[in-house]
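Visitor: Got a structure for you, questions after.
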Amino acid sequence: MSSIAVLGEERNILGFKPFGVDVYLFNESGKNPEEWFSEILKENYELIIITESIAEKVSEQIDELWEKELPVVLTIRGLGETTSSSFERLRRLVIKAIGADLFKES
């Protein structure tokens with residue numbers, strides 16, 4: 107098992123599979139997003155990369171993880187997604203890691 111998981115819709119994440127990470131495809135007609143994400147968390151990944159659209163559905167769970175050292179949850183934009191939530195989460199991760207806001211405009 108890899109220490110990295112990638113979560114999202116098939117069209118957005120299949121490209122990660124050749125890199126040896128564990129890929130979890132989200133199916134709208136399957137389990138509810140919270141249960142699905144909880145099951146993945148039980149696998150004790152160190153890094154979870156998740157598409158914005160799925161991250162928005164499990165945002166409360168992601169926020170709870172914020173206080174923990176691991177796993178690190180990195181949100182990425184999927185194809186055609188335009189919200190700024192992935193940028194804001196990345197910004198918060200950088201501030202947490204180094205204590206400075208590198209994205210702050212002068």
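Going by my numbering, the sequence shown opens with residue 107, and the numbers climb by one from there.
Every residue gets a Cβ at the ideal spot worked out from N, C-alpha and C, and that includes glycine.
(1) For PHE193 and THR181, I'd like the C-alpha separation in whole angstroms.
(2) Would you say the beta carbon of PHE143 is closer than 6 Å to some non-hydrogen atom of the ligand ATP?
(3) Which of the three DSSP states, helix, strand or coil, is assigned to ALA161?
(4) Which residue's Cα is closest to the Cα of GLY184: LEU113, ASN118 and ILE110?
(5) Exposed or buried, GLU116, counting other C-beta atoms within 10 Å across all chains shown (16 or more means buried)?
(6) Going by the beta-carbon positions, is the gap between SER108 and GLY126 smaller than 7 Å?
Guide: Taking the structure as given:
(1) Your numbering for residue 193 matches position 87 in the sequence shown. Your numbering for residue 181 matches position 75 in the sequence shown. Approximately 8 Å, taken between the alpha carbons.
(2) Looking at this structure, you won't find the ligand ATP or any other ligand, since it has none at all.
(3) Sequence index remark: in the sequence shown, residue 161 carries index 55 (1-based). Reduced to three states, the DSSP call for ALA161 is helix.
(4) Sequence index remark: in the sequence shown, residue 184 carries index 78 (1-based). Of LEU113, ASN118 and ILE110, the residue nearest in Cα terms is ASN118.
(5) Residue numbering aside, residue 116 sits at position 10 when the sequence shown is read from its first letter. Flag for GLU116 reads exposed.
(6) One-based indexing of the sequence shown puts residue 108 at position 2. One-based indexing of the sequence shown puts residue 126 at position 20. Yes, the pair counts as a contact, with Cβ atoms nearer than the cut-off.
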